[in-house]
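Student: Attaching a single structure in structure tokens format; questions to follow.
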Amino acid sequence: MMQILRTVAELRTRVRGWKSDGKQVGLVPTMGALHEGHLSLVRSAKRGCDRVIVTIFVNPTQFNSPEDLEKYPRTEDVDAALLAREGVDVLFAPSVDEVYPAGFNTRVTVSGVSDALEGAMRPGHFDGVATVVAKLFGMTQADRAYFGQKDWQQLQVVKRFVADLNIPVEIVGCETVREADGLALSSRNVRLDALSRAQAPALYRVMGRAATALRDGGDLDTTLAQARTDLLQAGFEKVEYIDLRATSTLDPITRLDGPARLLAAAWIGGVRLIDNIPV
């Protein structure tokens, strides 16, 4: 039966018992409002580990807007029922004070891979992500941690600080889960009205066309400019970025001569969507 724990002390007691029995511990960090994408991570963790911890914590330090933080859906009871059905061992759902107690004054900053794209659009966001994920690794003592590839830049940031700080956790990136029409699953999708939801899959379609054009030798600047135009014509109000980057470092690419990732962020119906695909 799944346990719901809310303090680090309780969690460490549970994990200590598992470790003493030689069990491998998997971690799936989330902010709740769970969907099939999160559950696919849970299933991967169940296949790869003896015990699975899912964390639900809406992390205030990674939000740039107090309004966005306030609007973020919180559905713990529903989430807990989903996780229990998946056979999760522990749901760790700490309070803000448990994660950031009085006097907390430390920040994890990952330079380079976090600077552009999301880092440029949302200053300080990845500091918040890296700090809370580092804390969750310390709290759970997990052997493996599972992240979705939809947040590709976040995945690379986590991999970077884990390598740089010699943190003994294996990072497992799992494929993006999509709706039948191609829209990447996201907790924010529930905020799309009917028209915006019908238009939103254009993001994936336009990115796919751009990736094909680039693989066929198309000019980078021309291809990306066309993709921006196509998104605006499809109903998106604003394209923050659509860019081709090196797969792991996210360094800028001027021509396609190695592993690359096409990444985009755009607004539709007042909701910010992100996506990425390999090229």
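Position in the sequence shown counted from 1, then plus 14, gives you the working numbering. For every residue, glycine included, the Cβ atom is placed at its ideal position computed from N, Cα and C.
#1: Give a yes or no on contact between the segment 160-169 and the segment 34-45, applying the rule of three or more CB pairs nearer than 8 Å.
#2: Inspect the CB distances between the segment 167-182 and the segment 194-211 and report whether three or more fall short of 8 Å.
#3: What does DSSP give as the partner residues of residue 63 in its beta bridges?
#4: Using CA atoms only, rank isn't needed, just tell me which of 224, 103 and 88 is closest to residue 15.
#5: Out of curiosity, what's the CA-to-CA distance linking residue 146 and residue 241?
#6: On a Cα-Cα basis, can you pick out the residue from 68, 88, 273 and 63 that is closest to residue 47?
#7: To the nearest whole angstrom, what separates the beta carbons of residue 225 and residue 264, a pair I think is in contact under 8 Å?
#8: Please say whether residue 267 and residue 279 have beta carbons closer to each other than 8 Å?
#9: Below 8 Å, how does it come out for the segment 59-70 and the segment 136-143: are there three or more Cβ pairs, yes or no?
#10: Which of the three DSSP states is assigned to residue 118 in this structure?
#11: Grab the span of the alpha helix (DSSP H) containing residue 244 for me, first residue to last.
#12: Can you look up residue 88 in the DSSP assignment and give me helix, strand or coil?
#13: Between which two residues does the alpha helix (DSSP H) harbouring residue 149 extend?
#14: Does DSSP classify residue 20 as helix, strand or coil?
#15: Span of the beta strand (DSSP E) holding residue 278?
#16: Taking the Cβ atom as the reference point for each residue, do residue 69 and residue 169 lie within a distance shorter than 8 Å?
#17: Considering only the alpha carbon of each residue, which of 284, 291 and 282 lies closest to residue 274?
Tutor: By the coordinates alone:
#1: yes
#2: no
#3: What you label residue 63 is simply residue 49 of the sequence shown in a count that begins at 1. None; residue 63 has no bridge partner.
#4: Here residue 15 refers to the residue found at position 1 of the sequence shown. Closest option to residue 15, Cα to Cα, is 103.
#5: As a working note, residue 146 is residue 132 in the sequence shown. As a working note, residue 241 is residue 227 in the sequence shown. Each residue's Cα considered, the two are about 35 Å apart.
#6: On the sequence shown, residue 47 is found 33 positions in, with the first residue counted as 1. Here the closest residue by C-alpha is 88.
#7: What you label residue 225 is simply residue 211 of the sequence shown in a count that begins at 1. What you label residue 264 is simply residue 250 of the sequence shown in a count that begins at 1. With 8 Å as the limit, residue 225 and residue 264 do not qualify as a contact, their Cβ atoms being about 16 Å apart.
#8: Residue numbering aside, residue 279 sits at position 265 when the sequence shown is read from its first letter. Residue numbering aside, residue 267 sits at position 253 when the sequence shown is read from its first letter. Not a contact, by the Cβ cut-off of 8 Å.
#9: no
#10: If you number the sequence shown from 1, residue 118 lands on position 104. In the structure shown, residue 118 sits in coil (DSSP, three-state: anything other than H, G, I, E or B).
#11: Working through the sequence shown from its first residue, we reach residue 244 at position 230. Segment 234-247, the alpha helix (DSSP H) holding residue 244.
#12: Taking the sequence shown and counting its residues from 1, one reaches residue 88 at position 74. Here residue 88 sits in coil by DSSP.
#13: Against the sequence shown, residue 149 aligns to sequence position 135. Residues 139-154.
#14: Against the sequence shown, residue 20 aligns to sequence position 6. Residue 20: coil per DSSP, three-state reduction.
#15: For this step, residue 278 is matched to residue 264 along the sequence shown. Element bounds for residue 278: 274-282.
#16: Here the question's residue 69 lines up with position 55 in the sequence shown. Here the question's residue 169 lines up with position 155 in the sequence shown. Not a contact, by the Cβ cut-off of 8 Å.
#17: Position 260 of the sequence shown, counting from 1, holds the residue named residue 274. When each option's Cα is compared against that of residue 274, the closest is 291.
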